[in-house]
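A short write-up of the structure that comes next.
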Amino acid sequence: MMKLTYPAGKFLILGIICTGLVFGLLISQTNNSTDNVQNNGISQITIFPTLPNREITNLVESTRLPILTYHYVEVVQDKNDTIRQKLDISPSIFENQIIALKEASYSAVFMKDLGNYFEGKEKLPDKPVAITFDDGYRDFYTDVFPILKKHSVKATLYVITGFLDRPNFLTRVQLKEIAGSGLIEIASHTLHHIDLKKADEKTSRQEIIESKKALEDIIGNKVYDFAYPYGSYSENSIKLVKEAGYLTAVTTKSGIIQTPGNKYSLYRLRPDTKTGKVLISWLENIQDKK
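All residue numbers for the sequence shown refer to full-length UniProt numbering, where the first residue is 1 and numbers rise by one.
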């Protein structure tokens with residue numbers, strides 16, 4: 001039988017061709033497999049590092065922002081009303097504090113501005129401060145509002161929606177005028193000022209979500225921010241606040257450093273009856289607390 005012989009070079013070329021065909025087949029199968037995984041809606045594990053997306057790069061860090069809490073601004077006539085006296089400051093002291101804040105280069109912002117900052121949609125001034133009022137008392141219209149207009153200072157008003165038109169509380173007409181000024185952000189303080197930590201799911205949902213809708217119907221604008229009555233809340237409260245579409249929520253916990261991680265449990269401070277000069281010194285010396 002005749003024996004066939006082939007030059008060694010031909011075997012080398014043939015081997016290279018076969019290797020290429022096998023490698024190409026493997027690549028094709030890998031691509032098809034990847035397509036099938038993606039088409040089936042299953043997440044694919046990425047082996048190689050990728051650049052951060054826009055959402056991640058827009059995340060912000062903490063900010064030193066005092067959120068000041070006020071209730072009554074009036075001269076309490078009833079000396080036996082100890083609760084009201086405890087939460088009250090006179091209009092003259094309040095105006096002195098406002099003037100001092102401006103002279104110390106603080107810039108008042110709405111609470112929704114802080115919410116937008118946390119989402120990377122807005123910048124804050126160098127020395128921001130938020131001036132907030134709880135409950136929606138009538139003296140806001142008679143005493144506070146004129147002072148804020150006089151000095152062109154922004155504030156956020158947390159309204160108990162179900163208490164509107166009651167004695168000592170704002171009327172709907174007054175609230176609409178305040179909201180239309182452009183100086184006051186209207187925010188929610190529930191329907192009936194209940195302790196959300198003790199409330200059941202149905203009641204909590206109504207107080208948090210329906211109060212927002214009711215306010216929006218009255219003022220004709222979106223409501224973005226929320227205050228927990230008594231500063232009391234639970235994990236379920238936070239869940240419902242998020243679900244309702246609020247940007248932020250404030251507590252009564254004392255602190256000055258606000259972070260994206262606690263945007264639904266923000267710290268606040270009570271200026272009480274401090275003079276403007278004392279207030280500024282106090283704010284400048286508060287220890288950072290996260």
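Cβ coordinates follow ideal geometry from the N, Cα and C atoms, glycine included.
- Counting only the Cα atoms, residue 211 lies some 13 Å from residue 243.
- In chain order, 133 place their CB closer than 6 Å to the CB of residue 70, counting only its own chain and leaving out the 5 sequence neighbours on each side.
- Here the C-alpha atom of residue 96 lies approximately 43 Å from the C-alpha atom of residue 200.
- In this structure, the alpha-carbon of residue 126 lies about 28 Å from that of residue 228.
- By the neighbour-count criterion, in which a residue is buried when 16 or more other Cβ atoms sit within 10 angstroms of its Cβ, residue 128 is buried.
- DSSP places residue 254 inside the beta strand (DSSP E), whose first and last residues are 248 to 254.
- Using a C-beta cut-off of 8 Å, the stretch 93 to 107 makes no contact with the stretch 171 to 191, since fewer than three inter-stretch Cβ pairs fall below that distance.
- With respect to residue 219, residue 207 sits apart: the two C-beta atoms are not nearer than 8 Å.
- If the five residues before and after residue 66 are omitted, its C-beta is found closer than 6 Å to the C-beta atoms of 129, 256, 269 and 283, all from its own chain and listed in chain order.
- From the listed residues 191, 232, 149 and 61, the smallest Cα separation to residue 198 is found for 232.
- Secondary structure of residue 152 (DSSP, three-state): coil.
- Residue 138 and residue 149 have their C-alpha atoms roughly 16 Å apart.
- In the structure shown, residue 238 falls within a helical segment according to DSSP collapsed to helix, strand and coil.
- The Cβ atoms of residue 237 and residue 196 sit closer than 8 Å to each other.
- In the DSSP assignment, residue 205 falls within the alpha helix (DSSP H) that extends over 201 to 205.
- Beyond the five residues adjoining it in sequence on each side, residue 190 comes within less than 6 Å, by CB distance, of 207, 211 and 229 in the same chain, given in chain order.
- Annotation for residue 225: no alpha helix (DSSP H) segment contains it, though the beta strand (DSSP E) segment containing it runs 225 to 227.
- One alpha carbon belongs to residue 89, the other to residue 273, and they sit about 6 Å apart.
- Within the same chain, and ignoring the five residues on either side of residue 203 in sequence, the residues whose Cβ sits closer than 8 Å to its Cβ are 194.
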